[in-house]
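Numbering (my numbering), first residue to last: 10 to 401.
Cβ atoms here follow ideal geometry from the backbone N, Cα and C, with glycine treated the same way.
Treat the numbers as computed from the prediction; the structure is a model and nothing was measured.
What follows is a short report on a single structure.
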Ligand SMILES: Cc1ncc(COP(=O)(O)O)c(C=O)c1O
């Protein structure tokens with residue numbers, strides 16, 4: 010009897026039962042291999058190799074030297090919110106009220122706020138499959154139902170109005186998360202498609218959340234912001250990728266005017282405010298765009314090396330490499346077990362990549378994601394190592 014009661018004290022909630030990132034297994038295996046003295050080319054983790062802009066680091070150092078780092082307003086330092094609004098003017102020709110900008114703890118913090126603000130437990134929210142796993146895991150933890158929608162080449166692996174409406178008619182959807190450029194596919198939606206999709210969804214009363222974390226890293230064509238298309242869409246963005254600030258944990262949202270106070274109340278209660286030092290650095294990051302454009306040109310060169318080199322190495326089937334810093338390769342010619350393939354490629358070729366099963370529970374066993382945010386020399390080395398390995 011006592012034992013049962015004690016067990017209950019330590020039983021985690023059902024909704025906390027979300028899967029871990031499988032890539033962690035690959036990372037652990039890579040670390041072990043490196044500890045044994047072997048060389049590993051890291052293409053498994055989705056983050057830039059470059060540091061934050063020098064302007065951002067200098068601003069943070071100045072703030073630290075001053076001493077006190079206090080809380081800020083829940084929605085963020087007003088001058089940072091105004092600077093983010095100016096970024097919309099400069100990048101998308103959109104006059105944005107800074108009052109609609111909310112600073113968040115990375116885009117990850119933005120998702121929690123957005124889902125809490127928009128959805129009730131039990132609400133059905135559509136996501137592209139393959140897609141970024143935390144979308145579905147955060148929704149699950151909040152008691153919502155992630156609805157995975159199969160995507161294919163006819164839409165560049167993006168959600169289409171037709172499949173979403175078919176699903177909605179079958180069983181009503183309350184929301185949709187769209188992402189362009191997307192992770193893991195690296196594919197993008199063209200502006201007119203995005204515009205039509207949002208119009209169709211909103212006409213049905215389906216709430217739209219647009220994850221724009223990879224904006225700025227678009228190579229095939231320019232990415233359009235949902236904020237330019239609709240005043241009701243909720244946009245999520247971050248300093249993590251274009252501005253190389255993953256560890257600073259800072260992002261932002263563009264919130265429909267009527268939801269600003271809701272987000273303010275939620276953030277005030279959940280976090281009080283976003284780390285102040287990161288906010289100061291983020292504001293100064295906008296002055297480091299030139300430096301970040303050089304980093305972006307490096308990704309473009311890496312993209313060229315991989316799209317030309319991987320087919321010669323034997324991996325000749327991959328999705329369009331439009332943006333972000335990912336290439337999603339079909340490995341079905343070699344294996345139907347992407348975890349095993351990733352492990353063998355790591356051990357035998359010294360190249361670490363992420364198995365597709367992290368992103369796609371249905372077909373991910375046939376895919377590997379390569380992150381090309383490293384150096385050009387690493388890309389050449391990876392192509393050579395994979396080529397040698399696949400030919401043995
Ligand atoms: C598509 C996508 N959205 C959101 C995130 C979360 O990023 P952060 O919380 O660092 O802004 C990532 C990180 O890899 C991502 O790939």
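So residue i packs on residue j, CB below 8 Å; how close in whole Å?
| i | j | result |
| --- | --- | --- |
| residue 400 | residue 323 | 7 Å |
| residue 40 | residue 252 | The Cβ separation is near 27 Å, so there is no contact. |
| residue 57 | residue 304 | 7 Å |
| residue 220 | residue 186 | 6 Å |
| residue 386 | residue 35 | Rounded, the Cβ-Cβ distance is 22 Å, inconsistent with contact. |
| residue 189 | residue 167 | 6 Å |
| residue 361 | residue 67 | Their Cβ separation, rounded to whole angstroms, is 33 Å, which puts residue 361 and residue 67 out of contact at 8 Å. |
| residue 134 | residue 359 | At roughly 40 Å, the Cβ-Cβ gap does not stay under 8 Å, so residue 134 and residue 359 are not in contact. |
| residue 215 | residue 182 | 5 Å |
| residue 112 | residue 283 | 5 Å |
| residue 161 | residue 328 | In fact, because the Cβ distance is near 10 Å, the residues do not count as touching under 8 Å. |
| residue 174 | residue 155 | In fact, because the Cβ distance is near 18 Å, the residues do not count as touching under 8 Å. |
| residue 126 | residue 315 | The Cβ separation is near 39 Å, so there is no contact. |
| residue 31 | residue 320 | That pair is no contact at about 26 Å. |
| residue 297 | residue 64 | 4 Å |
| residue 311 | residue 381 | 4 Å |
| residue 148 | residue 124 | 6 Å |
List the DSSP bridge partners of residue i.
| i | result |
| --- | --- |
| residue 364 | 377 |
| residue 113 | 260 |
| residue 133 | 154 |
| residue 4 | As displayed, the chain neither begins before 10 nor continues past 401, which places residue 4 out of reach and without an answer. |
| residue 50 | 360 |
| residue 332 | 227 |
| residue 159 | 138 |
Where do the ends of the beta strand (DSSP E) carrying residue i lie?
| i | result |
| --- | --- |
| residue 318 | Per DSSP, residue 318 belongs to no beta strand (DSSP E); it is in the alpha helix (DSSP H), 298-322. |
How should residue i be labelled, buried or exposed, when 16 other C-beta atoms within 10 angstroms of its C-beta is the threshold for buried?
| i | result |
| --- | --- |
| residue 262 | buried |
| residue 281 | exposed |
| residue 244 | buried |
| residue 53 | buried |
| residue 349 | exposed |
| residue 88 | exposed |
| residue 341 | exposed |
| residue 375 | buried |
| residue 246 | buried |
| residue 19 | exposed |
| residue 129 | exposed |
| residue 240 | exposed |
| residue 139 | buried |
| residue 233 | buried |
| residue 33 | exposed |
| residue 16 | exposed |
| residue 179 | exposed |
| residue 379 | buried |
| residue 192 | buried |
Identify the continuous alpha helix (DSSP H) that holds residue i and give its terminal residues.
| i | result |
| --- | --- |
| residue 97 | 87-101 |
| residue 387 | 385-400 |
| residue 74 | 63-75 |
| residue 254 | Where residue 254 is concerned, there is no enclosing alpha helix (DSSP H), given that its DSSP letter is neither H nor E. |
| residue 34 | 32-44 |
| residue 285 | 285-294 |
| residue 277 | 269-279 |
| residue 128 | No alpha helix (DSSP H) contains residue 128, which DSSP labels as neither H nor E. |
| residue 347 | 347-353 |
Got a sec: does ligand 3 put a non-hydrogen atom nearer than 7 Å to the Cβ of residue i?
| i | result |
| --- | --- |
| residue 138 | Ligand 3 is not part of the structure shown, which contains ligand 1 as its ligands. |
- [ ] Would you mind listing the beta strand (DSSP E) stretches within the region 172-246 that are 3+ residues and don't spill past its ends, in chain order?
- [x] 184-188 and 216-220
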